[in-house]
Amino acid sequence: MPRTKTQLKAEKQRLPAEKGAEAIPAWRDCTWKRIPCGHDDCPICSRIKEERERHIARGEDPDSIEAAFEDADNFFRETFILTEQKADKDPKNDQAPSPLEFILYHKILRWRDNIALIADLSDDTSSTWLFTEAGEDLLWYADTLLSKVHRQLVNRWHLAKGRQGINAEYAYTGRVLSECLAILKGSLSELSRMEITQKLEFNIALLFLTGLEKEIISI
5 MPRTKTQLKA EKQRLPAEKG AEAIPAWRDC TWKRIPCGHD DCPICSRIKE
55 ERERHIARGE DPDSIEAAFE DADNFFRETF ILTEQKADKD PKNDQAPSPL
105 EFILYHKILR WRDNIALIAD LSDDTSSTWL FTEAGEDLLW YADTLLSKVH
155 RQLVNRWHLA KGRQGINAEY AYTGRVLSEC LAILKGSLSE LSRMEITQKL
205 EFNIALLFLT GLEKEIISI
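Residue 5 is where the sequence shown starts when you use my numbering, and the numbers rise one by one after that.
Listed below in structure tokens is the structure:
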């Protein structure tokens, strides 16, 4: 499918770098979006394609739960190693607080866990919402929101410590949070209008998230 003008414009976007800091590349969006760009020249999407081909070559279903967990484990292990190597080279690196030391993180964690519980308690007759685009977005971006709230709290902590070269990352994560909130609110709004047994629970989740929105954006 040809890319739209909006997509092409987004691919060219880069957040400006501070002096001595790297700009935020457009492919970073593919590390958190449910549907990445899918381009062969994207370092994230090309890796996903390689993983799928590896599973197919081994006679495995690349879309199975087992394959998904294996790929996620490999990806996060490599990301952790790269992050640790970068941190070790940073003479100004300070150990950031644990996510559980942030009050806002606790609030988002409780909200995310409630969303996960709704999904877990959905039985064969009440799980149709799980297979809708709104349902898939909700489960995906609920986890993403929790992760990015932690990331932004750490960014803010570093800024308060006077750490240099982090403004671009702070601005980028702020944009990600805004997009996640917009998607989640849209998904919950759609699900709360569906004739399903969980509609009241989704409406409550929407109200709770809306109540936290200002606090999240102002990190």
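Ideal Cβ placement from N, Cα and C applies to all residues, glycine included.
Specify, as a first and last residue, the run of the alpha helix (DSSP H) that residue i falls within.
i    : result
R62  : No alpha helix (DSSP H) holds R62; DSSP gives it neither H nor E.
T129 : Segment: none, T129 is in no alpha helix (DSSP H) and carries neither H nor E.
L134 : Taken as a continuous stretch (DSSP letters only), L134 belongs to no alpha helix (DSSP H), as it is neither H nor E.
T35  : No alpha helix (DSSP H) holds T35; DSSP gives it neither H nor E.
G169 : Note, G169: premise wrong, no alpha helix (DSSP H); not H, not E.
K4   : Here the chain covers residues 5 to 223 and nothing more, so residue 4 does not appear.
L165 : It should be noted that the sequence gives Lys, not Leu, for residue 165. Element bounds for K165: n/a, residue is neither H nor E.
D45  : Neither: D45 is in no alpha helix (DSSP H) and is coded neither H nor E.
A120 : 107-124
What number of angstroms, rounded off, separates the C-alpha of residue i from the C-alpha of residue j?
i    : j    : result
S151 : A61  : 33 Å
S182 : A30  : 17 Å
I39  : V180 : 14 Å
Q202 : A27  : 43 Å
S131 : C46  : 34 Å
R32  : C184 : 15 Å
T206 : S102 : Note that residue 206 is Phe in the sequence shown here, rather than Thr. Computed Cα separation, rounded: 30 Å.
C41  : I52  : 11 Å
D224 : E54  : Limits of the chain in this structure are 5 at one end and 223 at the other, which puts residue 224 out of reach.
L252 : K165 : Given that the chain is displayed from residue 5 to residue 223, the structure contains no residue 252 and the question cannot be resolved.
E199 : R114 : 26 Å
E64  : I107 : 43 Å
T129 : L195 : 16 Å
L125 : L213 : 21 Å
L149 : R58  : 30 Å
I122 : L134 : 10 Å
I220 : R160 : 12 Å
R56  : T136 : 24 Å
I208 : S50  : 39 Å
Just to confirm my understanding: we take residue i, look at its own chain, exclude 5 residues before and 5 after, and list those with CB closer than 6 Å. What are they?
i    : result
W144 : R38
I'd like to check one pair, residue j with residue i: are the Cβ atoms closer than 8 Å?
i    : j    : result
I187 : D141 : yes
I119 : A138 : no
V158 : I112 : no
L163 : Y176 : no
G190 : Q156 : no
Residue i: beta carbon under 7 Å from a heavy atom of the ligand ATP?
i    : result
L121 : Among the ligands in the structure shown, none appear at all, so the ligand ATP cannot be discussed.
If residue i and residue j are in contact, beta carbons under 8 Å, what's the gap, nearest whole angstrom?
i    : j    : result
L210 : S193 : 6 Å
Apart from the five residues on each side of it in sequence, which residues of its chain come closer than 8 Å, Cβ to Cβ, to residue i?
i    : result
L216 : L108, K111, I112, W115
R197 : K203
A100 : V158, W161, H162
C34  : P40, C41, C46, I48, C49
Just checking: is the beta-carbon of residue i within a distance shorter than 8 Å of some beta-carbon in chain C?
i    : result
W133 : No chain C is part of this structure, which consists of one protein chain only.
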